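Enquirer: According to our numbering, the sequence shown is numbered sequentially starting from 325.
Heads up, the beta-carbon is just placed ideally off N, CA and C, and yes, glycines get one too.
What you are looking at is a predicted structure, and each value in this text was computed from that prediction instead of being measured.
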Amino acid sequence: MLKKIPVHPFLFGAFSVISLAAYNIGQIFIGEITRPLLFSLALAGILFWILYQLVRDSHRAALTSAALLFLFFTYGQIYTAFEGESILGLGLFRHRILFPFFCFIGLVVVVWIVRRMKQPESFTYSLNLVSIFLLIYPFFTILSNLIQQSISNASSKNESAVANSSVDAVMPDVYYIILDGYGRQDVLLNEYGFDNSEFINGLRARGFYIAECSQSNYAHTLYSLPSSLNYDYLDSLGATNDAERISLLKHGAVRAAFEAQGYSIVAFPTGWSMTEWTDADIYPDYGKSFTTLTEFETLFLDTTLLRVATDYDRLNSKTTPYSEARRLRVLSMIQTLKEVPTREGKYFVFAHFVIPHPPFSFG
Numbered sequence: 325m326l327k328k329i330p331v332h333p334f335l336f337g338a339f340s341v342i343s344l345a346a347y348n349i350g351q352i353f354i355g356e357i358t359r360p361l362l363f364s365l366a367l368a369g370i371l372f373w374i375l376y377q378l379v380r381d382s383h384r385a386a387l388t389s390a391a392l393l394f395l396f397f398t399y400g401q402i403y404t405a406f407e408g409e410s411i412l413g414l415g416l417f418r419h420r421i422l423f424p425f426f427c428f429i430g431l432v433v434v435v436w437i438v439r440r441m442k443q444p445e446s447f448t449y450s451l452n453l454v455s456i457f458l459l460i461y462p463f464f465t466i467l468s469n470l471i472q473q474s475i476s477n478a479s480s481k482n483e484s485a486v487a488n489s490s491v492d493a494v495m496p497d498v499y500y501i502i503l504d505g506y507g508r509q510d511v512l513l514n515e516y517g518f519d520n521s522e523f524i525n526g527l528r529a530r531g532f533y534i535a536e537c538s539q540s541n542y543a544h545t546l547y548s549l550p551s552s553l554n555y556d557y558l559d560s561l562g563a564t565n566d567a568e569r570i571s572l573l574k575h576g577a578v579r580a581a582f583e584a585q586g587y588s589i590v591a592f593p594t595g596w597s598m599t600e601w602t603d604a605d606i607y608p609d610y611g612k613s614f615t616t617l618t619e620f621e622t623l624f625l626d627t628t629l630l631r632v633a634t635d636y637d638r639l640n641s642k643t644t645p646y647s648e649a650r651r652l653r654v655l656s657m658i659q660t661l662k663e664v665p666t667r668e669g670k671y672f673v674f675a676h677f678v679i680p681h682p683p684f685s686f687g
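Structure below.
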């Protein structure tokens, strides 16, 4: 079958998405690959169908499709790798030069395969085989991560269980609010020229404790939050991979302790799947539009020839669909936070805001 049926264009198309997902598996929700995968397969199918109508040779059409797909899916990666570089003083890695060059190469490849190449079917078996082997490693990387995450989730739920105790006093709502990347007062003033003393003094006036010269326990969110939500450092917790860290973040000891005291959990769609507690008692639905791109989808588009269009859109727009969705999501989270105190019952609120995290853009 591998010698007779050219499936490699579809497998190469799938590889472009699955390999990117495998590389970023610790940072994404696996469902985010659905639309990019469908797009890649559809593109391969449309391209193959058009070329087959022209040449009436499935092997020739498949080989041409594979070559064009290779150019399409590598353009953005080459642009990113060499952006700003020059050869003999010439800035060749710019869209106005690189894009026409890729189009020229694509045209030459099409003409050569369609008109010059003899026996294109001789490449079908080897390309089918190569495309299958390319998919093996990223596929099993994703699969092993999902298995690890499932095991870690079950383990953390069991280990974090805390015995319930009766408390007669009125229990307050508890809020854990993370403004991701928000700097210390002296750092903001000295490094960025931003004076937030009014904000700090306002917190003190309300009884908040402000730690002087405070430092984060870790440099990255995926390390910092699992640690703080489990009262310990990650090496003591035995978290050695992203799957275990994500599990500790979503089902840690802090959450379990509040649940054991009868608290309802409030969490939010943050835009970063690692901190989205979708199984919380209250998890607002902010009506994400089907046309809104996720961060992974934006990253995927930037690896392709569509990087030309996305960069043009960034240069000519004050905002992008992704950043606008983030801004609206943050505003919705703030509104929900205001509403929690009006509810009956006791709540532990976990609110991770992905601002003002670099690049310090609110949308």
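The beta strand (DSSP E) with ILE589 in it runs from where to where?
Expert: 588 to 590
Enquirer: Cβ of HIS332 within 7 Å of Cβ of ALA390?
Expert: yes
Enquirer: For PRO683, count neighbouring Cβ atoms within 10 angstroms of its own Cβ and tell me buried if that reaches 16, exposed if not.
Expert: exposed
Enquirer: Taking Cβ positions, are PHE423 and PHE406 nearer each other than 7 Å?
Expert: no
Enquirer: Looking only at C-alpha atoms, which of VAL654, LEU451, PRO665 and GLN659 sits nearest to ARG676?
Expert: The sequence shown places His at residue 676, not Arg. Of VAL654, LEU451, PRO665 and GLN659, the residue nearest in Cα terms is VAL654.
Enquirer: What are the boundary residues of the beta strand (DSSP E) that LEU503 is part of?
Expert: Secondary structure note for LEU503: its beta strand (DSSP E) is the uninterrupted segment 498 to 503.
Enquirer: Return the first residue and the last residue of the beta strand (DSSP E) that PHE674 is part of.
Expert: 671 to 677
Enquirer: Measure the alpha-carbon distance for ASP705 versus ILE437 and round it to whole angstroms.
Expert: Residue 705 is absent from the structure shown; the chain starts at 325 and stops at 687.
Enquirer: Determine whether the beta carbon atoms of PHE582 and PHE672 lie at a separation below 7 Å.
Expert: yes
Enquirer: Starting from the C-beta of ALA604, find all residues in its chain whose C-beta is less than 7 Å away, skip the five residues before and the five after it, and write them out in chain order.
Expert: ILE589, VAL590 and ALA591
Enquirer: How many Å lie between ILE584 and ARG651 at the Cα?
Expert: The sequence shown places Ala at residue 584, rather than the Ile named in the question. One C-alpha to the other measures close to 34 Å.
Enquirer: Spell out the partners DSSP gives LEU414 in its beta bridges.
Expert: ILE411
Enquirer: Grouping DSSP H, G and I as helix and E and B as strand, with all else coil, what is ILE606?
Expert: strand
Enquirer: Can you confirm whether the region 458 to 474 touches the region 332 to 348 when touching is taken to mean that 3 or more C-beta pairs between the two stretches lie within less than 8 Å?
Expert: yes
Enquirer: Which two residues bound the contiguous alpha helix (DSSP H) that contains PRO630?
Expert: Just to set this straight, residue 630 is Leu in the shown sequence, not Pro. LEU630 -> no alpha helix (DSSP H), and no H or E assigned at all.
Enquirer: Tell me, to the nearest whole angstrom, how far the beta carbon of LEU623 is from that of ARG631; I am working on the premise that it is less than 8 Å.
Expert: Contact flag wrong, Cβ pair sits at about 11 Å.
Enquirer: What whole-angstrom Cβ distance do LEU629 and GLY369 have, given they're in contact under 8 Å?
Expert: Between GLY369 and LEU629 the Cβ distance is about 17 Å, and since that is not below 8 Å, they are no contact.
Enquirer: Please return the same chain residues whose Cβ sits closer than 8 Å to the Cβ of SER548, not counting the five positions on each side in sequence.
Expert: SER540, ASN541 and TYR542
Enquirer: Mapping DSSP to helix, strand and coil, what is LEU326?
Expert: coil
Enquirer: Could you spell out the range, first to last residue, of the alpha helix (DSSP H) harbouring TRP373?
Expert: 358 to 379
Enquirer: Between the Cα of LEU453 and the Cα atoms of GLY507, LYS574 and PHE334, which residue gives the shortest distance?
Expert: PHE334
Enquirer: Please list the terminal residues of the continuous alpha helix (DSSP H) segment that includes LYS574.
Expert: First-last of the alpha helix (DSSP H) with LYS574: 566 to 574.
Enquirer: With DSSP collapsed to three states, give me the class of TYR403.
Expert: helix
Enquirer: Count the CB pairs spanning the region 520 to 528 and the region 427 to 434 that are closer than 8 Å, and state whether there are at least three.
Expert: no
Enquirer: Taking its Cβ as the centre, do 16 or more other Cβ atoms sit within 10 Å of LEU371, making it buried, or is it exposed?
Expert: By the Cβ neighbour-count rule, LEU371 is buried, with 16 or more other Cβ atoms within 10 Å of its own.
Enquirer: As a quick exercise: from TYR500, TYR347 and LYS327, pick the residue whose alpha carbon is nearest that of PHE463.
Expert: TYR347
Enquirer: So GLU522 is in the alpha helix (DSSP H); what residue range does that whole segment cover?
Expert: 521 to 529
Enquirer: Out of LEU367, ARG579 and TYR499, which one is the CA nearest neighbour of PHE394?
Expert: LEU367
Enquirer: Beta-carbon within less than 6 Å of PHE426's beta-carbon, same chain only, minus the 5 sequence neighbours each way: which residues are those?
Expert: LEU395 and TYR399
Enquirer: ALA567: which of ILE502, LYS328 and ILE354 sits nearest, CA to CA?
Expert: Closest option to ALA567, Cα to Cα, is ILE354.
Enquirer: Which residues bound the alpha helix (DSSP H) around HIS419?
Expert: 419 to 435
Enquirer: Figure out for me which residue from ILE606, VAL578 and ILE570 has the closest Cα to the Cα of ILE471.
Expert: ILE570
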